[in-house]
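Comments concern the structure below.
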Amino acid sequence: MAKQIEIADLDAYYGSHKAIEGITMTIEPRSVTAFIGPSGCGKSTFLRTLNRMHEVIPGARVEGKIMLEDQDLYGSDVDPVSVRRTVGMVFQRPNPFPTMSIFDNVAAGLRLNGRISKSEAEGVVESSLKDANLWNEVKDRLTKPGAGLSGGQQQRLCIARAIAVSPAVLLMDEPCSALDPISTLAIEDLISKLKNDYTIVIVTHNMQQAARVSDRTAFFNLAGQGQPGKLVEMDDTPKIFTNPTQKATEDYITGRFG
Amino acid sequence: MGRSAFRRSRGEGPFRFATTGAGILLLAIMAAIAVFLIVKAVPALQANTSHFLTEKIWTPNATKPVFGIAALAFGTVISSFLALIMALPVAIGVALFISHYAPRRLAGVLGYVIDLLAAVPSVVYGLWGVIFLIPFMKGPSTFLNTYFGWIPLFAGDAVYGKSILTGSIVLAIMILPIIAAISREVFLQAPTMLEEASLALGATRWEMIRMAVLPFGRPGVISAAMLGLGRAMGETIAVALIFPATFTITFQVLSANGNSIAANIANGFGEATPIGQGALIASGLVLFVITLVVNMAARLIISRRKEYSRAAA
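Quick note, the sequences are listed as chains A and B, same order. For what it's worth, this note's numbering labels the leading residue of the first sequence as -9, then goes sequentially. For what it's worth, this note's numbering labels the leading residue of the second sequence as 93, then goes sequentially.
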């Protein structure tokens, strides 16, 4: 189920502005890869190119190649809609559908794939909520609106919604930045559990979080304002945080800038 | 010690006085209008020799006045709802096209045209209805009557261009821009984070609209529809030119029967006796009540799902 991603010489643009340049890396399956770097370095932009969400913004486009195992995500015959069904995403702020119940939120993606039976939906909703460590908290109020949950619960609901369609990859764009420390811990535990089944990529501003949850870490940086962001280095997480190759990485993780 | 450090700031008094005064003035004017209308209507209602709420005939100028609101109220409601049924789907489609499908430049131009259409005076639509639509509708009406006559709405022995249906079509065209313009504004405000949530799940654009945009815009669209319905009910000059102006209750919208409260006031006020004027004023009060009920019903629909409408808190 989990799949490897290979990125080769990727550029991403907003109109004529080049946001990231020349990114080449391999993201391993069944592991957590963290993207760190100062604000504006393009790590979120890069994350959004991995499920073709980048091009949703008017004028945004991508050059380069991304292979999900043997499939070219930017091939001319590829439908971005089907890419997004294989590569799930969790956003910075929890965004459950406010008009839907907890149950319907989790089932939302399933229903996109066509009509499914009620019992089938019930099974998937239950297992997804269990996988998201949320089942015990919501099992008695599945028909209540998802927006009534706390922020941390909403974010786990969004994770349940993303994994309900059994994607191969799960992208997380600063999933804890709007949450309190206890909810953050709950999400981090969940990430460690989910990596057994999924390829997980997480963007984070929190370096302790990157150190805690990830197996591999990629550091992004930009030369200056208006310059495109670039991949500085990528390595095993302990190596990046104890003995980085590049001076810029060391300066960043020791808090000298960013 | 001098004056308190927490004293009221000096600008507060006059400003408070001005805003409170404006609020009271508005209420006073409303009350004055209501009192005036009721005072004018009561003598006519007392002179009426029939029951005002159930009588269909409208002859308040006769020496023995007979008049009732039944046929007029019925015509007002049916023509307005027909107009709403025709206008609403088209307006939502136009609004969605502008907000989520059209290229940005085309959307700008279209939005401008819609705003322009909303500003066209109603008499222009009325004249267009008289000169073009009444003769034109003879054909389509005959078609509807021949092939869809089994639907009560299109039944009847004879078909006319000057009918409730023609009036409803003109009303639909009139209220379409206002519904479309408000719906577009509402749809544009659908939160990006919800749209992205559905796209990231693998929704197509239409599925995204169904999951994130329409539920979010629902209260706004209902408000827009009610505004359109209110405008259709109150519309005077365009329908005064088109409605057949008879006092009958029939669902056969292709026949030469039907009228509305506002059209009847416009057509009858000039030659009315004092009693006749009072009768027309009474009919205006009924129109006011109908509009009020429609608005309250809309509010009820919107508030019923309040628990769910805390959009993206």
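All C-beta atoms in this analysis are idealised placements derived from N, C-alpha and C, irrespective of residue type, glycine included. It should be emphasised that the depicted structure is a prediction, and the values quoted were computed from it without experimental measurement.
Residue 252/B, buried or exposed, once every other Cβ within 10 Å from all chains shown has been counted against 16: Within the second sequence, residue 252/B is the residue found at index 160, counting from 1. The residue is buried, with at least 16 neighbouring Cβ atoms inside 10 Å.
Expected contact under 8 Å - CB spacing of residue 225/B and residue 345/B to nearest Å: Here residue 225/B refers to the residue found at position 133 when the second sequence is read from its first residue. Here residue 345/B refers to the residue found at position 253 when the second sequence is read from its first residue. Going by Cβ atoms, the distance from residue 225/B to residue 345/B rounds to 14 Å, so no, they are not a contact pair.
is_contact[residue 102/A, chain B] using C-beta, thresh 7 Å: The residue given as residue 102/A occupies position 112 in the first sequence. With 7 Å as the cut-off, residue 102/A counts as an interface residue toward chain B.
CB contact below 7 Å: residue 295/B versus chain A: Indexing the second sequence from 1 puts residue 295/B at position 203. By this cut-off, residue 295/B is an interface position.
Buried versus exposed, by CB contacts within 10 Å (16 or more), residue 250/B: Taking the first residue of the second sequence as position 1, residue 250/B is located at position 158. With fewer than 16 other Cβ atoms from the protein chains shown falling within 10 Å of its own Cβ, residue 250/B counts as exposed.
Segment contact flag, the region 142 to 152 of chain B with the region 228 to 246 of chain B, C-beta cutoff 8 Å, min 3 pairs: Contact annotation: the region 142 to 152 of chain B does not touch the region 228 to 246 of chain B, with fewer than three C-beta pairs closer than 8 Å.
Of the listed residues 115/A, 65/A, 141/A, nearest to residue 174/A (C-alpha basis): Against the first sequence, residue 174/A aligns to sequence position 184. Per the Cα distances, 141/A.
Backbone CA spacing between residue 98/A and residue 245/A [nearest angstrom]: If you number the first sequence from 1, residue 98/A lands on position 108. If you number the first sequence from 1, residue 245/A lands on position 255. Taken atom to atom, the span from the alpha-carbon of residue 98/A to that of residue 245/A is near 42 Å.
Distance between residue 302/B and residue 313/B (C-alpha atoms, nearest Å): Here residue 313/B refers to the residue found at position 221 when the second sequence is read from its first residue. Here residue 302/B refers to the residue found at position 210 when the second sequence is read from its first residue. Each residue's CA atom was taken as its position, placing residue 313/B and residue 302/B some 14 Å apart.
Entirely enclosed alpha helix (DSSP H) segments - the region 50 to 118 of chain A, minimum 4 residues: Here the runs fully enclosed are 70 to 76, 92 to 102.
Identity of the residues DSSP links to residue 13/A by a beta bridge: Taking the first residue of the first sequence as position 1, residue 13/A is located at position 23. Answer by DSSP bridge pairing, in chain order: 0/A.
The region 63 to 75 of chain A in contact with the region 33 to 47 of chain A per 3-pair CB rule at 8 Å: Yes, the region 63 to 75 of chain A is in contact with the region 33 to 47 of chain A.
Buried versus exposed call for residue 125/B [16 or more other C-beta atoms within 10 Å across all chains shown]: Position 33 of the second sequence holds residue 125/B. Residue 125/B comes out exposed.
contact_flag[the region 270 to 279 of chain B, the region 42 to 59 of chain A] where n(CB pairs < 8 Å) is 3 or more: Verdict: no, contact absent.
Exposed unless 16 or more other CB atoms sit within 10 angstroms - verdict on residue 29/A: Translated into positions along the first sequence, residue 29/A becomes position 39. By the 16-neighbour rule on beta-carbons within 10 angstroms, residue 29/A is exposed.
Start and end residues, alpha helix (DSSP H) containing residue 165/B: Indexing the second sequence from 1 puts residue 165/B at position 73. Per DSSP, residue 165/B is one residue of the alpha helix (DSSP H) stretching across 162 to 188.
C-alpha gap between residue 309/B and residue 176/A, whole angstroms: Numbered from 1 along the second sequence, position 217 holds the residue referred to as residue 309/B. Numbered from 1 along the first sequence, position 186 holds the residue referred to as residue 176/A. The alpha-carbon atoms of residue 309/B and residue 176/A are separated by roughly 34 Å.
Same chain only: Cβ atoms within 6 Å of residue 88/A, ignoring 5 sequence neighbours per side: As a working mapping, residue 88/A is identified with position 98 in the first sequence. A distance below 6 Å between beta-carbons, with the five flanking residues on each side excluded, links residue 88/A to the following residues of its chain, in chain order: 137.
Contiguous alpha helix (DSSP H) assignments of at least 4 residues, all confined to the region 173 to 232 of chain A: With a minimum length of 4 residues, the continuous alpha helix (DSSP H) runs that stay inside the region 173 to 232 of chain A are 197 to 203, 227 to 232.
Best match in 387/B, 204/B, 244/B for proximity to residue 315/B [C-alpha to C-alpha]: For the purposes of this step, residue 315/B is identified with residue 223 of the second sequence, where counting begins at 1. Comparing alpha-carbon positions, the option among 387/B, 204/B, 244/B lying closest to residue 315/B turns out to be 387/B.
Members of the region 44 to 67 of chain A near chain B, C-beta cut-off 8 Å: So the list reads 46, 48, given in the order they occur along the chain.
Presumed contact (8 Å Cβ cut-off) between residue 167/A and residue 24/A, rounded CB distance: Numbered from its first residue, the first sequence carries residue 167/A at position 177. Numbered from its first residue, the first sequence carries residue 24/A at position 34. 14 Å between Cβ atoms; not a contact.
Pairwise C-alpha distance: residue 394/B and residue 100/B: Translated into the one-based positions of the second sequence, residue 100/B becomes position 8. Translated into the one-based positions of the second sequence, residue 394/B becomes position 302. Whole-angstrom Cα-Cα distance: 40 Å.
Secondary structure of residue 386/B, DSSP reduced to three states: Position 294 of the second sequence, counted from the first residue, corresponds to residue 386/B. Helix.
Test: residue 85/A CB closer than 7 Å to a CB of chain B: As a position in the first sequence, residue 85/A is number 95, starting the count at 1. Judged by the 7 Å Cβ criterion, residue 85/A is in contact with chain B.
Residues sharing a beta bridge with residue 135/A, DSSP: Translated into positions along the first sequence, residue 135/A becomes position 145. Its beta-bridge partners are 91/A.
Supposed close pair residue 224/A, residue 202/A - CB separation, criterion 8 Å: Here residue 224/A refers to the residue found at position 234 when the first sequence is read from its first residue. Here residue 202/A refers to the residue found at position 212 when the first sequence is read from its first residue. No, residue 224/A and residue 202/A are not in contact; Cβ-Cβ is about 18 Å, not under 8 Å.
Residue 376/B versus residue 153/B: straight-line alpha-carbon distance, rounded: Here residue 376/B is taken as the residue at index 284 of the second sequence, counted from 1. Here residue 153/B is taken as the residue at index 61 of the second sequence, counted from 1. Cα to Cα, residue 376/B sits roughly 17 Å from residue 153/B.
Contacts that residue 72/A makes with chain B (C-beta to C-beta distance below 8 Å): Position 82 of the first sequence, counted from the start, is the residue given in the question as residue 72/A. In chain order: 294.
Under 7 Å from the C-beta of residue 366/B: neighbouring residues of chain A: Residue 366/B sits at position 274 when you count from the first residue of the second sequence. Within chain A, no residue has its beta carbon less than 7 Å from that of residue 366/B; the closest one is some 55 Å off.
Sufficient close CB pairs (3 or more, under 8 Å) joining the region 114 to 131 of chain A to the region 73 to 80 of chain A: Contact between the region 114 to 131 of chain A and the region 73 to 80 of chain A is absent, because fewer than three Cβ pairs lie under 8 Å.
Residue-level contact to chain A via CB, residue 291/B, 7 Å cutoff: Counted from its first residue, the second sequence places residue 291/B at position 199. At least one chain A Cβ lies under 7 Å of residue 291/B.
Burial state of residue 405/B, where buried means 16 or more other Cβ atoms lie within 10 Å: Here the question's residue 405/B lines up with position 313 in the second sequence. Its pLDDT being 34, under 50, residue 405/B is placed unreliably by the model, and nothing is read from it.
Beta strand (DSSP E) segment containing residue 23/A, residue limits: Looking up residue 23/A in the first sequence gives position 33. Where residue 23/A is concerned, the enclosing beta strand (DSSP E) starts and stops at 22 to 26.
Listed by chain order, chain B residues near residue 81/A by CB distance under 9 Å: By one-based count along the first sequence, residue 81/A stands at place 91. Residues of chain B with a Cβ closer than 9 Å to the Cβ of residue 81/A are, in chain order, 285, 288, 289, 292.
Neighbourhood of residue 10/A by C-beta, 6 Å cutoff - its chain only, sequence neighbours within 5 removed: Position 20 of the first sequence, counted from the first residue, corresponds to residue 10/A. Leaving aside the five residues that flank residue 10/A on each side, the residues in its chain whose CB is nearer than 6 Å to its CB run, in chain order, 2, 32, 35, 36, 218, 219.
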